[in-house]
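Its first residue numbered 1, the sequence shown is counted upward by one per residue in the UniProt record's numbering.
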Amino acid sequence: MTHIFAHRGSAGTHPENTMASFIEAVRVQADGIELDVQLSRDGVVVVIHDETVNRTTDGTGWVGQMTYRQLRKLNANYKFKQYGFCPIPSLQEVLEWAQNTSLLINIELKNNLVPYERLEAKTIELVERYGLASRVVFSSFNHESMATCHKLAPDIETALLYMEKLHRPWSYAHALQALALHPYHPTVDQSFVEAAHAHHLLVRPFTINKEEQMKTMFRYEVDGIFTDFPEKAKNIREKTLRSF
């Protein structure tokens, strides 16, 4: 069955990468959540997508140039003002909460533009502290970072994010000892999914928000999708499975 990952939580209906959006993902019974991590100036692993706070909060500036205390004062309710004050979570906060759920957790390391020192080690330490290694997938557009994660924690799954079509991506993934491909969805077709599976790789395309895209990916039998609308995806998955 294709797993449904709530992309940045339920980002289509709730403030992205906040506890409100992750709690909503549990309410609608998503299989997992996807979140993004960076480092504050004082070395705290924080959950936010952009390298600056400008788009998703009421503040301005670079994440890596602000302390956790400064980041925590910002309101990350983005365009969903009805949810009131939504602070930027730390990864520790999210993982401590996730312990009491059955969620799969995709942690995307946002270090492809800003080279946060020891982001991999700090993230791994938190995952292991909360005993969540078996439920976590690390992903990144920074494939060197994925190689580093595998070296530091070979038991935690790594996945390669990418935008363009790749020639024989399974050969590349095997070279990096990654277990999954996370491609941009327009690059995915049935033959690609079958070839990846034949090479023992999982396929989880992003970001799947339209109904027809969801139906197509379910028919392809991809291993997971990332969507801003997990409740919608769950309903469509059930209808698609009944039609088989």
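All residues carry an ideal CB built from backbone N, CA and C; glycine is no exception.
{"Item": "I think H7 touches D228, with their Cβ atoms under 8 Å apart; what is that distance to the nearest whole Å?", "Value": "5 Å"}
{"Item": "Can you tell me the Cα-Cα spacing of Q38 and K234, whole angstroms?", "Value": "29 Å"}
{"Item": "Taking the Cβ atom as the reference point for each residue, do V193 and R204 lie within a distance shorter than 8 Å?", "Value": "no"}
{"Item": "Using only CA atoms, which one of A173, R129, N100 and F85 lies nearest to H150?", "Value": "A173"}
{"Item": "Pairing CB atoms from the stretch 109-121 with CB atoms from the stretch 136-150, are three or more of them under 8 Å?", "Value": "yes"}
{"Item": "Of the residues W62, G61 and P89, which one's Cα is nearest the Cα of R72?", "Value": "P89"}
{"Item": "Which residues bound the alpha helix (DSSP H) around Q70?", "Value": "Y68 to R72"}
{"Item": "In the DSSP assignment, what are the bridge partners of W62?", "Value": "T52"}
{"Item": "For residue 260, which of S171, T56 and S139 has the nearest alpha-carbon?", "Value": "Outside the displayed range of the chain (1 to 244) lies residue 260, so it cannot be described from this structure."}
{"Item": "Could you tell me the boundaries of the alpha helix (DSSP H) in which Y220 lies?", "Value": "E211 to Y220"}
{"Item": "Determine the contact status of C86 and T18, defining contact as a CB-CB distance below 8 Å.", "Value": "yes"}
{"Item": "According to DSSP, what are the bridge partners of V136?", "Value": "I105"}
{"Item": "Please name the residue, chosen from D155, T158, I156 and L181, that lies closest to H167 on a Cα-to-Cα basis.", "Value": "L181"}
{"Item": "Is I225 helix, strand or coil when you go by DSSP?", "Value": "strand"}
{"Item": "Assign G32 to one of two classes, buried (16 or more other C-beta atoms within 10 Å of its C-beta) or exposed (fewer than that).", "Value": "buried"}
{"Item": "Does the stretch 123-134 come close enough to the stretch 153-164 to have 3 or more Cβ pairs within less than 8 Å?", "Value": "yes"}
{"Item": "Report all residues from its chain with a CB closer than 6 Å to the CB of T207; omit the five preceding and five following residues, and keep chain order.", "Value": "H7 and F226"}
{"Item": "What are the start and end residues of the alpha helix (DSSP H) that includes W119?", "Value": "In the sequence on display, residue 119 carries Leu and not Trp. Run containing L119: L119 to R129, per the alpha helix (DSSP H) assignment."}
{"Item": "Return the CA-CA distance between S102 and R55, expressed in angstroms with no decimal places.", "Value": "31 Å"}
{"Item": "Should E212 be labelled buried (16 or more other beta-carbon atoms within 10 Å of its own) or exposed?", "Value": "exposed"}
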